[in-house]
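Chains as they are written, first to last, in our numbering: chain S, 12 to 466; chain X, 558 to 726.
Even for Gly, the Cβ is constructed at its ideal location relative to N, Cα and C.
Values in this document were obtained by computation on a predicted structure and should not be read as measured data.
Working notes for the structure below.
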C-alpha cells in the first residue's frame, strides 16, 4: 500500500490569477506537405492574434509577450532537435525566454501549465503557449514505432511497437471489472467522430454506427481502428495573461485553474494504493470496490488523472464536477482511455464509468457534454498541440464562439473543405465553466485544467 | 608539407541524391533515408537479462529495514523508489496467473514476432508489480495459470527471451 506524504498533497496556490484570452489552430491533416512546420505554427499563431476579438493589434500583442512555452512530443517526428529555437525565431520572438515542454501525450497540457506558472509567478504578464507535431514524415507503422518508444524500451517497447497494445489490456481488464460492453466503447467513437463533422479542422470526421466501429480492423484486441486516434500534422496556440492584461486585451477573458499528476510509465509497475478522494467523495466510499478488485489504480484507472483532478478541483473550488462543469474535453486517444478518465475526474464514481455515456450526460444537450470538438478520435492528435487545442475549444465554448470558429465559411475554406449542408452548432448555451484533460502514455502524465467565465 | 587548411580545396558531393517523394503540388517533399544502430546498456539490470538466458526470472527486493514498503520489483529496479536504498536480487516464481491480455494484430515497424499474437500481463506471487510478456501458445483468460519459458538457446538478449505458456491441469 502506497501512501502519500502530507507535503505531497498540498494544493497549488498561485501568486497571481491566470487568464486565457485567445486561441488558434491549423486545420489538422494526416499529411500536410503544402507547409513547413514553422509555417503551420505561424498559421495557428496568427489565428490566435487576429481572430479572437482582442483589443490590441497583432503587433501590439506580439510586443507584449514576455515568455513562450512550447509543446512538442517527439524530436523523432520533427527529425529536428531544438525545434523550439526554429519556431521561436520564425515567430520573431527572440530574445524572449522560451521553454520546450515534453510530457508525451500530455505535452500540450503541460505547456499550458508551464505558461500559467510563468504568469502566476510574475515572470511574465503575457505568455504564448504554442505546440505542434508533424507526424507525416514517416509511414504509419514507423510512426507507431516512434510513439511506442514512449513506452519502456527495456521491458515493453519491443512487444508490439504500437501504443494501442498498452491500452488494450486495460480495456479487457476494465470490461471485466466494471461491466463495460464494447458497444459503450464504440459509442464514444461514434459520438466524437460525429461531433467532428461540425469542426472544419477535423481530420477524421464521420457519421459512423456502432456496428461499423466494431467491424473495423483490429489494432490490439479489443481496440478497433475506429477506436484509436490517428497521427496528425498541425499546431495550436493560446494566449495567457495576468488579470490586468487579460481585461486590457479582452472583454471576455476566462480564468484558468490547473494542476497535473504523474504515474510510472509502466502500467504493470503500479502498486496498490489509497484512492485520493475528490471533494464530493466521502471517506470509505470505495471500500467495497477495493475489496473486489484488490488493487487501485490497477489497470482500470489512472492515478495521474485522479491526482490532477484532486488538486485542480480544490484550486478552483469545484465540488460536484457533473453539476458545475458545463462541458469537458477529454483525451480520447482511445475509447477506453476516455472511459477510464470518467471515474478519475469524478464524472461518475469509480465502477460506474459506462453510465456517463449510457445516461446521455456525455452528449450535446446532456448534463456535461464531452468532446464536442470532435476530440482526438475525430479531429486531431498532433501530439504537442493537442492539449493546447483542447483548451482553445473549451475557451471558445465559454466565450460563446463555437459558431464563429466552426461555422464561419472562412474556416471551411481555409481547410479546403465544403461546409456540410447539415452543419450543426454544438455551442453549449451559456457555458460558464469547462474542463480539459491532457494525458500521456498510459497515464504517465496528466494535466487537469479548468476554465471559468470571468466577465 | 602544406596542411589541408593552408591550401585551396576542391570538394565534390559524395552522398546519394535525395529522391523527390512527392511533387504533386507547388511543393517538394524529399526523402532523407538513414539506418541507425544504438548501443544500449542494461546497466545494473544486466543480471535480469543474463538471468533470462539461464532460465531464471530475476526480480529485485528492497530489504532496507527502514523502508515502509519493502516491495519486490519485476521489472527489477536497482534503487528502491520508496527509500532510495540499493535493492537485492531475488528469484521470482516462474509460474503465475494472467492479470490482463491483448491480442496484437497491427504492429509497429520492426516487430520481432509473427502477428497476431497474445500479449499477457502476469501476476506472480510475492511480486508487487505485474509483469508484461507474451503467450507462446494458447488463448489467455483472466486468472489462467501460466508458466515462464525461456529462450536459452540462441537468446535475443532482450525482454523477448521470456514468454509464457498455459499450465495444463
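- Closest by C-alpha distance to residue 68(S), out of 398(S), 261(S) and 253(S), is 261(S).
- Taking 9 angstroms as the threshold, the shortest C-beta distance from residue 721(X) to chain S does not fall below it.
- Beyond the five residues adjoining it in sequence on each side, residue 264(S) comes within less than 7 angstroms, by CB distance, of 30, 32, 257, 258, 465 and 466 in the same chain, given in chain order.
- With a threshold of 9 angstroms between beta carbons, residue 615(X) makes no contact with chain S.
- Inclusion of residue 53(S) and residue 107(S) in the CB contact set at 9 angstroms is not warranted, their separation being larger than that value.
- Boundaries for residue 203(S): no beta strand (DSSP E) harbours it, while the alpha helix (DSSP H) harbouring it runs 193-206, taken from the DSSP string.
- According to the DSSP secondary-structure assignment, residue 78(S) is paired through a beta bridge with 108(S) and 138(S).
- Using beta-carbon distances, residue 17(S) does not count as an interface residue toward chain X, since no partner is under 9 angstroms.
- Between the C-alpha atoms of residue 75(S) and residue 412(S) there is a straight-line separation of about 24 angstroms.
- Residue 420(S) and residue 180(S) have their C-alpha atoms roughly 43 angstroms apart.
- Within the same chain, Cβ atoms closer than 6 angstroms to the Cβ of residue 60(S) are found at 69 and 72, the five residues on either side in sequence being excluded.
- Counting other Cβ atoms within 10 Å of its Cβ, residue 105(S) stays below 16 and is therefore classed as exposed.
- Going by beta carbons, residue 63(S) and residue 250(S) fall inside the 9 angstroms limit.
- Counting C-beta pairs closer than 8 angstroms gives fewer than three between the stretch 563-582 of chain X and the stretch 193-203 of chain S, which falls short of the contact rule.
- Following the DSSP letters along the chain, one finds residue 676(X) inside the beta strand (DSSP E) bounded by residues 674-680.
- Under the three-state reduction of DSSP, residue 413(S) is assigned to helix.
- Interface residue (Cβ-Cβ distance to chain S less than 9 angstroms): residue 632(X) is classified as such.
- The beta-bridge partner set that DSSP reports for residue 339(S) consists of 381(S) and 446(S).
- Separation of residue 317(S) and residue 452(S) (C-alpha to C-alpha, rounded to the nearest whole angstrom) is 15 angstroms.
- Secondary structure of residue 586(X) (DSSP, three-state): strand.
- Proximity of chain X to residue 171(S) at the Cβ level (cut-off 8 angstroms) is accounted for by 661, 664, 665, 668 and 676, in chain order.
- In the displayed model, residue 603(X) falls within a helix according to three-state DSSP.
- For residue 602(X), at least one C-beta of chain S is nearer than 9 angstroms to its own C-beta.
- With the rule of 3 Cβ pairs closer than 8 angstroms, the stretch 699-711 of chain X counts as touching the stretch 642-661 of chain X.
- A Cβ-Cβ distance of about 6 angstroms is found for the pair residue 56(S) and residue 141(S), placing them in contact under the 8 angstroms criterion.
- Taking the Cβ atoms as the reference, residue 456(S) lies roughly 4 angstroms from residue 114(S), within the contact range of under 8 angstroms.
- Listed in chain order, the positions of the stretch 685-719 of chain X with a beta carbon within less than 8 angstroms of a beta carbon of chain S are 685, 686, 687, 688, 689, 690, 691, 699, 715, 716 and 717.
- Taking a cut-off of 8 angstroms for Cβ pairs, the stretch 184-193 of chain S and the stretch 399-419 of chain S do not touch, as fewer than three such pairs fall below it.
- Residue pairing for residue 707(X): DSSP places it in a beta bridge opposite 719(X).
- If you check each beta-carbon in the stretch 36-47 of chain S against every beta-carbon of chain X, the ones closer than 7 angstroms belong to 44 and 45.
- Following the DSSP letters along the chain, one finds residue 456(S) inside the beta strand (DSSP E) bounded by residues 456-464.
- For the set 559(X), 663(X) and 709(X), the Cα lying nearest the Cα of residue 611(X) is the one of 709(X).
- Residue contact check for residue 14(S) against chain X: a CB pair falls below 9 angstroms.
- For residue 636(X), no chain S residue has a Cβ inside 7 angstroms of its Cβ, as the nearest lies near 14 angstroms away.
- When 173(S), 243(S) and 254(S) are compared, the shortest CA-CA separation from residue 230(S) is found for 173(S).
- Look at residue 660(X) here: in three-state DSSP terms it is strand.
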